[in-house]
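*Asks:*
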Amino acid sequence: MFKGRLSAFSHYARPCSQRAQHGSTPRLQPGIVAAPSPEVAMPDFTCRPARPEDMEAAYVVFRRALYDHLFRIKLVTEEERDDPPIASAWVRQGGWVVHLWNTAAENWVAVDDGGRVIGWALSVERDRHLELAIFFVEPGVQAKGIGRALLGHAFPKRDGLHRSILATHDPRALKLYLQTGVGLATTAVDCLVAGGPRTVETDLVFEEAEGIGEALALEAQILGFRREVDLAFLKTERRLWIARRGGQAVGYAFGPPLGGTEEENFPPGPGPMGALREEDIPALLDHVLAGGEPGADLAITLPMANGVAVRHLLGRGARFDTFFVAVLSDDPNLRLNRYVHTSPQFLL
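Letter by letter, the sequence shown follows residues 1 to 348 of full-length UniProt numbering.
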């Protein structure tokens with residue numbers, strides 16, 4: 001256990017209502033947050049492995065810290081910062097959070113001397129590649145060593161292990177990340193583009209996949225590692241297409257979530273997608289867009305390194321969202337010029 005010092009603040013979330021076991025979710029309710037915590041004197045904090053009953057409080061910290069960051073970069077109002085959407089966001093993100101929680105390599109929380117969760121860091125390891133998926137500290141107690149302590153536990157450096165982070169542009173967090181040895185691979189942005197039928201000029205043949213085997217093999221060539229547990233999870237929530245040329249699999253694409261799992265007023269996001277040749281990316285994008293509701297936006301998360309995809313979607317009338325993330329990595333095998341990220345942005 002790591003011991004440090006931090007500021008105390010008032011209780012901001014009710015206790016977890018159930019244990020978060022595989023397939024279960026905490027019963028998040030609206031209105032479970034309080035006003036931002038004051039900066040006061042510094043009692044103890046402790047970093048420890050997360051327990052199933054920590055999930056709800058950890059998610060509250062994540063949402064509060066995210067909206068505090070969005071307020072500081074002038075993307076949300078003070079009222080939104082003080083009462084961020086939590087229960088409604090869980091509709092969109094809850095399945096992902098439970099999946100990551102249950103498959104994490106490292107899952108740590110920081111608690112104050114009253115036992116309340118005030119920080120959360122979670123990473124997943126897939127095929128010798130470690131990715132920091134969650135890293136947030138309660139707004140009122142930031143910049144007091146909690147984040148550094150959590151990062152040391154959740155994002156270790158080991159021989160033969162590559163590491164990546166999808167990071168907000170918070171300068172304090174970026175400073176910590178860059179000190180771990182990762183560097184900027186590219187910047188990712190959500191492109192909002194209308195779905196609906198369109199004419200696609202391509203020699204590719206698309207077929208819906210029953211399993212994930214071919215997508216795994218393609219992704220290993222594009223990213224340099226396999227994410228079997230994540231693609232299996234995505235296959236339960238999204239349609240998966242394989243693109244073929246001459247009978248050979250040359251690309252794959254996951255569509256947006258099925259069954260109305262998106263947050264209200266938030267466009268659904270497809271992905272991931274990838275192709276062995278970057279010139280095939282536009283056909284993958286158009287195939288997914290053609291299956292979307294006509295005129296309704298999809299939010300496609302693009303790595304800026306994929307210039308072919310960026311130019312194609314801009315030509316289709318896409319608009320950039322105002323929220324960008326930095327893709328940080330020490331892995332030279334990432335071929336992000338042939339890739340489209342997963343949405344929501346928990347993993348590459």
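Think of the CB as a built atom: it goes at the ideal place given N, C-alpha and C, for glycine as much as any other residue. Given the structure is predicted, the values throughout are model-derived calculations rather than measurements.
On the DSSP letters alone, give me the boundaries of the beta strand (DSSP E) that glycine 183 sits inside.
*Replies:* Segment 183-194, the beta strand (DSSP E) holding glycine 183.
*Asks:* Below 8 Å on the Cβ atoms is my guess for glycine 269 versus isoleucine 300; work out the distance and round it to an integer in Å.
*Replies:* Rounded, the Cβ-Cβ distance is 7 Å, consistent with contact.
*Asks:* Out of Leu151, Trp120, Leu285 and Leu176, state which residue places its alpha-carbon closest to the alpha-carbon of valine 193.
*Replies:* If we check each option's Cα against that of valine 193, Leu285 comes out closest.
*Asks:* Touching or not, the stretch 117-131 and the stretch 223-240, by the rule of three or more beta carbon pairs under 8 Å?
*Replies:* Yes, since at least three Cβ pairs between the stretch 117-131 and the stretch 223-240 fall closer than 8 Å, the two stretches touch.
*Asks:* Pair every Cβ in the stretch 273-289 with every Cβ in the stretch 178-185, then say whether three or more of these pairs are closer than 8 Å.
*Replies:* With a cut-off of 8 Å, the stretch 178-185 and the stretch 273-289 do not count as touching, because too few Cβ pairs lie within range.
*Asks:* So asparagine 102 is in the alpha helix (DSSP H); what residue range does that whole segment cover?
*Replies:* Element bounds for asparagine 102: 87-102.
*Asks:* Quick check on threonine 186: buried or exposed, where buried means 16 or more other Cβ atoms within 10 Å of its Cβ?
*Replies:* It counts as buried.
*Asks:* Just to check, is the beta-carbon of leucine 122 closer than 8 Å to a non-hydrogen atom of the ligand MG?
*Replies:* The ligand MG is absent from the structure shown, which contains no ligand whatsoever.
*Asks:* Of the residues His153, Asp330 and Ile242, which one's Cα is nearest the Cα of tryptophan 108?
*Replies:* Here the closest residue by C-alpha is His153.
*Asks:* According to the Cβ coordinates, are leucine 218 and arginine 239 closer than 9 Å?
*Replies:* Contact: no.
*Asks:* Whole angstroms are fine: how far does the CA of arginine 148 sit from the CA of phenylalanine 155?
*Replies:* Cα to Cα, phenylalanine 155 sits roughly 10 Å from arginine 148.
*Asks:* For valine 308 versus alanine 253, is the C-beta spacing smaller than 9 Å?
*Replies:* Cβ distance not < 9 Å, so valine 308 and alanine 253 don't count as in contact.
*Asks:* How is the beta strand (DSSP E) around phenylalanine 71 delimited, first residue to last?
*Replies:* Unbroken run through phenylalanine 71 is the alpha helix (DSSP H), 55-72; no beta strand (DSSP E).
*Asks:* Are isoleucine 146 and phenylalanine 62 close, meaning C-beta to C-beta below 9 Å?
*Replies:* Their beta carbons are not under 9 Å apart, which means isoleucine 146 does not touch phenylalanine 62 by this criterion.
*Asks:* I'd like to know whether the C-beta atoms of leucine 234 and proline 272 end up nearer to each other than 9 Å.
*Replies:* Against a cut-off of 9 Å, the Cβ pair of proline 272 and leucine 234 comes out as a contact.
*Asks:* For glycine 23, which residues of its own chain have a beta-carbon under 7 Å away from its beta-carbon, when the five flanking residues on both sides are left out?
*Replies:* With a pLDDT of 38 at glycine 23, under the threshold of 50, the modelled position of this residue cannot be trusted; read the value that follows with caution. Cβ within range, chain order: n/a, list empty.
*Asks:* Measure the alpha-carbon distance for histidine 341 versus aspartate 82 and round it to whole angstroms.
*Replies:* Between histidine 341 and aspartate 82, the C-alpha separation is close to 30 Å.
*Asks:* Classify glutamine 93 as buried or exposed, calling it buried when 16 or more other Cβ atoms lie within 10 Å of its own Cβ.
*Replies:* Buried, because 16 or more other Cβ atoms sit within 10 Å of the Cβ of glutamine 93.
*Asks:* Determine the direct distance from the alpha carbon of leucine 166 to that of glutamine 345, and round the result to whole angstroms.
*Replies:* If you take the alpha carbons of glutamine 345 and leucine 166, they lie about 7 Å apart.
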